[in-house]
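Enquirer: Residues in the sequence shown are numbered from 2 upward in steps of one, following our numbering. One structure, as structure tokens, below. Some questions next.
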Amino acid sequence: MPEIASSTVAEIIILARELPRAENEFDSFIESLNESEQSALVAMMWIGRGAFEPEDWDEAVRTAGEERHTPTASYLKGSPHLADHLESGLEALGISARDEEDQLYRWGET
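Here you go:
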């Protein structure tokens, strides 16, 4: 998963769970990502919901970039179960979503 850090995805998962209370923060965070990161995030969500397989990562990222017609934050917020799909996408790519989220929570405690 070269285009986006797993810790970034974990932070987005946490924000997605808090929508709509954290909507402004979610929007700002997504908008701060570059286009490659935003495409990777959409691809990860697609993999998590089963639209692509993990081995199709490059194709999913390319498709996300080519089909980008709506602001990424708006598109993602329109996806029911966004946090679950992102978690599933991380897991499908061999990354423990729970470990990434736990690490973020530990950072917040220090």
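Glycine residues also receive a C-beta, built at the ideal position from the N, C-alpha and C atoms.
For SER40, count neighbouring Cβ atoms within 10 angstroms of its own Cβ and tell me buried if that reaches 16, exposed if not.
Expert: Buried, by the Cβ-count rule.
Enquirer: What three-state label does DSSP hand ILE96 in the structure shown?
Expert: In this structure, ILE96 counts as coil in the three-state DSSP scheme.
Enquirer: Just the Cα atoms here: how many angstroms apart are ASP59 and SER37?
Expert: ASP59 and SER37: Cα-Cα distance of roughly 11 Å.
Enquirer: Go ahead and label GLY51 buried or exposed: buried means 16 or more other beta carbons lie within 10 angstroms of its beta carbon, across all protein chains shown.
Expert: So GLY51 counts as exposed.
Enquirer: If you run the structure through DSSP and keep just helix, strand and coil, what is LEU105?
Expert: Helix at LEU105.
Enquirer: Pairs of beta-carbons, one from the segment 93 to 105 and one from the segment 60 to 79, closer than 8 Å: are there three or more?
Expert: Counting Cβ pairs under 8 Å, fewer than three are found: no touch.
Enquirer: Assuming contact is defined by CB atoms lying nearer than 7 Å, are LEU91 and VAL10 in contact in what I supplied?
Expert: Yes, the Cβ-Cβ distance between LEU91 and VAL10 is below 7 Å.
Enquirer: Taking a contact to mean a Cβ-Cβ separation below 7 Å, would you say ILE14 touches LEU77 in this structure?
Expert: No. Outside cutoff.
Enquirer: Rounded to a whole number of angstroms, what is the C-alpha to C-alpha distance between ALA17 and GLU54?
Expert: Looking at the two C-alpha atoms, the distance is approximately 23 Å.
Enquirer: Could you give the DSSP three-state label for PRO21: helix, strand or coil?
Expert: DSSP places PRO21 in coil when its eight states are reduced to three.
Enquirer: For THR71, does the count of other Cβ atoms within 10 angstroms reach 16, so buried, or fall short, so exposed?
Expert: THR71 comes out exposed.
Enquirer: For SER80, report the span of its alpha helix (DSSP H) as first-last.
Expert: Neither: SER80 is in no alpha helix (DSSP H) and is coded neither H nor E.
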